[in-house]
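Student:
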Amino acid sequence: TRDPANFTPELSRRARGIEVWAALHTLGRSGLADLVERTCRYAVRFAEGLRAAGYTILNEVMFNQVLVTFGDDERTRRVIAGIQRDGTCWCGGTTWQGQTAMRISVSSWATTDADVERSLQAMIRVASELA
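Quick note: the sequence shown uses the working numbering, first residue 176, plus one each step.
Listed below in structure tokens is the structure:
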């Protein structure tokens, strides 16, 4: 008999595989592929819009994550706080290669084109107000 205590760091770990099974069961293989492709496309849209507005994209957007800076570290922190206060969307801060950045993670199945555009406009507005 396999004792889980010998294979995980804690006994309270949740069964993460159930979420994957449920997604595959509900959406099917092609539905899950569509979901991943859509979140990746939305991440690219965020990167393109922020770059066009004059902000720096730090990563090559290959999945659903975007790292952006709005100038120096302090200004980037202020923009992150401003976006969080604004409430249109939620983005957190991170440090990447020694630089403060805002991390955009597109992960919800419910995200729409309109959500992305509204969030992008809020980011640009907040960043320009804090210039």
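Where is the CB? At the ideal position from N, CA and C, for every residue including glycine.
Where does Ala208 land, buried or exposed, given buried means 16+ other C-beta within 10 angstroms?
Tutor: Per the 10 Å Cβ criterion, exposed.
Student: With DSSP as the reference, identify every bridge partner of Met277, one or two as the case may be.
Tutor: Per DSSP, Val243, Gly268.
Student: I'd like to check one pair, Ala228 with Ala302: are the Cβ atoms closer than 9 Å?
Tutor: Taking 9 Å as the Cβ cut-off, Ala302 and Ala228 qualify as a contacting pair.
Student: Considering only the beta carbon of each residue, do Thr263 and Ser294 sit closer than 9 Å?
Tutor: Yes, they are a contact pair.
Student: For Thr231, which three-state DSSP category applies?
Tutor: Of the three classes helix, strand and coil, the one that applies to Thr231 here is strand, per DSSP.
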